[in-house]
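Here's the structure we're looking at; comments come further down.
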Amino acid sequence: MEKSFTNKNDYWVANLKLVASLLLIWFFVSFGCGILFADYLDQFTFFGFKLGFWFAQQGSIYVFVILIFIYINRMKKLDQKFKNLSGKGN
Amino acid sequence: MSVQALTYIFVGITFALYITIAIRSRAGSTSEFYIAGKGVNPIANGMATAADWMSAASFISMAGLISFLGRDGSVYLMGWTGGYVLLALLLAPYLRKFGQFTVPDFIGTRYYSSLARLVAVICLIIVSFTYVAGQMRGVGIVFSRFLEVDINTGVIIGMGIVFFYAVLGGMKGITYTQVAQYCVLIFAYLVPAVFISILITGNPIPQLGFGDQLVDEPTYLLNKLDGVMTDLGFNAYTSGFKETIDVFCITAALMLGTAGLPHVIVRFFTVPDVAAARKSAGYALIFIAILYTTAPAVASFARINLFESTHNVSYTAVPEWFKNWEGIGLIAWQDKNQDGKIQHAPGNAFEPVKPIFTGKFGDQGERAIDNKNNSESNNEVYIDRDIIVLANPEIANLPPWVIALVAAGALAAALSTAAGLLLVISSAVSHDLIKKTFATNISEKQELAYARISVFVAVVIAGLFGIYPPAFVAQVVAFAFGLAAATLFPAILMGIFSKSMNKEGAITGMLVGLIFTFSYILFFKFINPELNSKDYWLWGISPEGIGFIGMILNLFSATLVASLTAKTPADVKEMVDNIRQP
Chain A
-6 MEKSFTNKND YWVANLKLVA SLLLIWFFVS FGCGILFADY LDQFTFFGFK LGFWFAQQGS
54 IYVFVILIFI YINRMKKLDQ KFKNLSGKGN
Chain B
74 MSVQALTYIF VGITFALYIT IAIRSRAGST SEFYIAGKGV NPIANGMATA ADWMSAASFI
134 SMAGLISFLG RDGSVYLMGW TGGYVLLALL LAPYLRKFGQ FTVPDFIGTR YYSSLARLVA
194 VICLIIVSFT YVAGQMRGVG IVFSRFLEVD INTGVIIGMG IVFFYAVLGG MKGITYTQVA
254 QYCVLIFAYL VPAVFISILI TGNPIPQLGF GDQLVDEPTY LLNKLDGVMT DLGFNAYTSG
314 FKETIDVFCI TAALMLGTAG LPHVIVRFFT VPDVAAARKS AGYALIFIAI LYTTAPAVAS
374 FARINLFEST HNVSYTAVPE WFKNWEGIGL IAWQDKNQDG KIQHAPGNAF EPVKPIFTGK
434 FGDQGERAID NKNNSESNNE VYIDRDIIVL ANPEIANLPP WVIALVAAGA LAAALSTAAG
494 LLLVISSAVS HDLIKKTFAT NISEKQELAY ARISVFVAVV IAGLFGIYPP AFVAQVVAFA
554 FGLAAATLFP AILMGIFSKS MNKEGAITGM LVGLIFTFSY ILFFKFINPE LNSKDYWLWG
614 ISPEGIGFIG MILNLFSATL VASLTAKTPA DVKEMVDNIR QP
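Shown next as structure tokens:
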């Protein structure tokens, strides 16, 4: 992520990587913690909630919000690098 | 002051506010009418999106559903919020970059085909009208219970308000009224939740309160609720009982459907640029999450209060709210064991499930019913899920102004969503059908006139749905999400992420998704409702979750057909390259 783009395709590839990794987390907290492993996680207690139940009714939603804001910030940086690239006339 | 007088005042003030905003934001061009001139601030758009999205179902029905489903109710919480991650990461920025007026616009242009546009318009109209019908029922319930006017009068007043600001201001008027409606509805949702959380657990934050210990005994609320429910023979509140595959598919279908709903997507056309589209998706989800994380707390408070205030209580000593709701037919009681007391138990109390009142009264003064006893269950009470949020302040004995506030909030939720839906229906008709398909040479002024006429027609049809509610409203919600997930979502997704997807592929995909999902739901909900159980479902997937399978079939068939037919034209590939850049 540190080095600058050499062409417009780099922007798209970086974007795809970012989206893929965020969607992996999205899938893990909702379908994973909230559904598939919810029964297993229920043996742990978290602020008075069974953990699987908490992910299903609270935690996954908080993570969703955080994911979108990470995306907004990272894309802002990518957009900036893209702008520098276009400025150079590549 | 009485609850009714206060409700009139609150509803009156909020309606006056919406009308004032509408008069101040009239639309003068098609761009203002369809997409508010692309000048909406991302935070305001976030609020408007939240109000647009949070319907009578979110405000009135969802907490009630969760209250009765326990952990299985999480499908709605995760499904209806998780879709925003997909929307923000996969659709919103690119659709904003594309920068046209409607969702069929994108599909028609990207797939260089007016047939693709037409299929998209059909999907959009089915999805949106299904959804409008639910809003009208919400408006009807609130008016008849709290303002004690005839349901029809209530629907006509509600439609009159929507008509006024949608026809006058189009998207511009709707956007700013939705911002106001968001403030009204979220305040109305939080106030009783905070009050009840303090009463039950001493914790003012409901999201933490429902994991907390009770005020009057050192037990965790959810443990207590699990205990009370298992003692009465119910499943424990915090455990899931639906099949995992079904829960998985329903959640997926609701998420994908949410991301594919035209009235939500079109909100991202109204902001100035791509960065603003991303930002407003983030704000929208924050504003939505405030209600969605409160709802499960409200659900568990309501369930425990319901048992404590009515279980084993004599009908003659039952709280006032019980009889009020019985009065409008959303609660019914039959004294099966002749002890004069109300008992809750698992299973439906009667056969058929909904009460049929005889017009006479029983021994205790209850409204007598004509239903057969369901002898397999000791349950004596029918409670409509939709009353939980509305009755909650009364159940918890909160002051009258809180009850009045909830009524105003429920109306804000129903009206804001109805307006958003009516606008996408009318723009699909005036822009996609009239301007782009049948009468391409009309002027902008004429198109604007057609847009206003279409809103008028859509409002009248929606009003008829409210006055003559189709008996199938509850059953058809599965259609809206299932069809959006199986048709519009994959078509847009592939349009952005796959340059090789061509018009033949996309049209085949949409039709396969549409026909498969539509027939599956039709078969189990209408043709053979007696077979609607997991023994007969495909892989144990209910009609609510089948949209997910429909989406997978769409992707497969589209890819297959695209690989066998002509390549995407070069100018369309160029357009895709262009929307991929910020």
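If you read the protein sequences in the order shown, they are chains A and B.
Per our numbering, residue -6 is the first one in the first sequence, and the count goes up by one each step.
Per our numbering, residue 74 is the first one in the second sequence, and the count goes up by one each step.
Positions of the beta carbon are idealized from the N, C-alpha and C atoms, including for glycine.
This structure is a prediction, so every number in the text was calculated from the model and none was measured.
Chain B contact for residue i (CB, 7 Å cutoff)
i: A/Q73; result: no
i: A/Q50; result: yes
i: A/Y64; result: yes
i: A/I28; result: yes
i: A/V58; result: yes
i: A/M(-6); result: Caution applies to A/M(-6), whose pLDDT of 45 falls short of 50 and renders its modelled position unreliable; the model cannot decide the point.
i: A/F20; result: no
i: A/S23; result: yes
i: A/N83; result: Summary for A/N83: the model assigns pLDDT 44, below 50, so the residue's position carries little reliability; its value from the coordinates is reported in the next sentence. For A/N83, the answer is no, since every Cβ of chain B falls outside 7 Å of its Cβ.
i: A/K10; result: no
Extent of the continuous alpha helix (DSSP H) to which residue i belongs
i: B/V76; result: 76 to 97
i: B/S406; result: First, the residue type needs correcting, since residue 406 of chain B is Trp and not Ser in the sequence shown. Run containing B/W406: none in the alpha helix (DSSP H); it sits in the beta strand (DSSP E), 404 to 406.
i: B/H336; result: 335 to 338
i: B/W474; result: 473 to 500
i: B/T248; result: 224 to 274
i: B/R351; result: 347 to 383
i: B/G156; result: 147 to 159
i: B/S297; result: Position check: residue 297 of chain B holds Lys in this sequence, whereas Ser was assumed. Where B/K297 is concerned, the enclosing alpha helix (DSSP H) stretches over 294 to 304.
i: B/G539; result: 517 to 540
Of the listed residues the options, nearest to residue i (C-alpha basis)
i: B/S186; options: B/L587, B/T513, B/K576; result: B/K576
i: B/T317; options: A/L16, A/A49, A/Q73, A/Y4; result: A/A49
i: B/F236; options: B/I534, B/K509, B/G413, B/A78; result: B/I534
i: B/I195; options: B/S104, B/S102, B/I588; result: B/I588
i: B/G435; options: B/Y365, B/V113, B/Q407, B/N451; result: B/Q407
i: B/V462; options: B/V222, B/M135, B/G578, B/I96; result: B/M135
i: B/A193; options: B/V176, B/T203, B/S201, B/R183; result: B/V176
For residue i, three-class secondary structure by DSSP
i: B/Q286; result: strand
i: B/I442; result: strand
i: B/Y593; result: helix
i: B/G432; result: strand
i: B/K640; result: coil
i: B/Y184; result: coil
i: B/K414; result: strand
i: A/K74; result: helix
i: B/F629; result: helix
i: B/E657; result: Here chain B covers residues 74 to 655 and nothing more, so residue 657 of chain B does not appear.
i: B/K170; result: helix
i: B/T317; result: helix
i: A/K43; result: strand
i: B/E105; result: helix
i: B/E424; result: strand
i: B/T581; result: helix
i: A/G82; result: Caution applies to A/G82, whose pLDDT of 47 falls short of 50 and renders its modelled position unreliable; the model cannot decide the point.
Minimum Cβ-Cβ distance from residue i to chain A less than 7 Å
i: B/F511; result: no
i: B/V530; result: no
i: B/G155; result: yes
i: B/A292; result: First, the residue type needs correcting, since residue 292 of chain B is Thr and not Ala in the sequence shown. Closer than 7 Å: no.
i: B/V320; result: yes
i: B/G607; result: The identity of residue 607 of chain B in the sequence shown is Lys, whereas the question assumes Gly. Answer no: the Cβ-Cβ gap between B/K607 and chain A never drops below 7 Å.
i: B/V645; result: no
i: B/V475; result: no
i: B/F366; result: What sits at residue 366 of chain B in the sequence shown is Thr, not Phe. So, interface residue.
i: B/I359; result: yes
i: B/V158; result: yes
i: B/A161; result: yes
i: B/G355; result: yes
i: B/A657; result: With chain B running from 74 to 655 in the structure shown, residue 657 of chain B is simply not present.
Per-residue contacts from residue i into chain B (C-beta, under 9 Å)
i: A/Y1; result: In the sequence as presented, Tyr is not what sits at residue 1 of chain A; that position holds Lys. Residues of chain B passing the Cβ test: D650, R653, Q654.
i: A/V6; result: None at all; the shortest Cβ gap to chain B is about 11 Å.
i: A/S53; result: S147, L150, M151, T154, G155
Partner residues on chain A for residue i, Cβ-Cβ distance less than 7 Å
i: B/D285; result: G41
i: B/S147; result: G27, A49, Q50
i: B/K352; result: I65
Extent of the continuous beta strand (DSSP E) to which residue i belongs
i: B/Y455; result: 454 to 456
Residue i Cβ short of 6 Å to the ligand COA heavy atom set
i: B/A557; result: The ligand COA is absent from the structure shown, which contains no ligands of any kind.
Interface partners of residue i on chain A, CB under 9 Å
i: B/V371; result: None at all; the shortest Cβ gap to chain A is about 11 Å.
Neighbouring residues, chain B, relative to residue i (Cβ below 7 Å)
i: A/F46; result: R144, T311
i: A/K94; result: Because residue 94 of chain A is not part of the residues shown, which for chain A are -6 to 83, the question remains open.
i: A/L16; result: L162
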